[in-house]
Amino acid sequence: MNCPHCHQEIKVYKNPVPTVDIIIEVPGGIVLIDRKNPPLGWAIPGGFVDYGETLEQAAVREAFEETRLNVELVEQMHTYSDPQRDPRQHTISTVFIARAAGTPVGADDARQARVFTRVNLPPLVFDHAGILADYFSLRDRK
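Numbering-wise, the working numbering comes out as the position in the sequence shown, counting from 1, plus 1476.
Structure, rendered in structure tokens:
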């Protein structure tokens, strides 16, 4: 691609897209959402980071948009970057652990939000089964 003003070649970079996922701990388990948009299925609440927003701000916003829960971020767990983790495009997700009180309600692009435990997890989309396996392993060590 050439600059329209100086006609020098401009390098165009294709970069992964930053996202956040939030494992929300509530009394009785963790909150998962049933996605309204493809890929359909159960997932950890989360989404894309907006321009000008920190990862932490995005996590709090996405958690509220999809579950109507006001969360308190407890810790940043891990970042997942496998180019195949999202079938739509290459994303890099930073996963946060958060706490909240109240009953989750599916909103925005979530059909529903429900509380699950390790023993009754539904089939999950993206790489979320692996993320939750890491989460439960981390919790077992604490």
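Note that CB positions come from ideal geometry on N, CA and C, so glycine has one too.
All figures in this text were calculated on a predicted structure; none of them were measured in a lab.
Of all C-beta pairs linking the region 1501-1508 to the region 1571-1591, three or more are shorter than 8 Å, placing the two stretches in contact. Per DSSP, Asp1610 is one residue of the alpha helix (DSSP H) stretching across His1604 to Arg1617.
Beta-carbon to beta-carbon, Arg1561 and Phe1602 are separated by about 6 Å, close enough to satisfy the 8 Å threshold. Taking a contact as a CB-CB distance under 8 Å, the pair Thr1567 and Pro1492 counts as one, their CB atoms being some 6 Å apart. In the three-state reduction of the DSSP assignment, Glu1541 falls in the helix class, which pools H, G and I.
Distance from the CA atom of Val1581 to the CA atom of Leu1545, rounded to whole angstroms, is 8 Å. Here Val1595 is exposed: its Cβ has fewer than 16 other Cβ atoms, across all protein chains shown, within 10 Å. Beyond the five residues adjoining it in sequence on each side, Ala1576 comes within less than 6 Å, by CB distance, of Ile1500, Val1502, Leu1545 and Val1547 in the same chain, given in chain order. Bridge pairing for Ala1534: absent [DSSP]. With a cutoff of 8 Å on beta-carbon distance, Trp1518 and Leu1608 are scored as not near each other.
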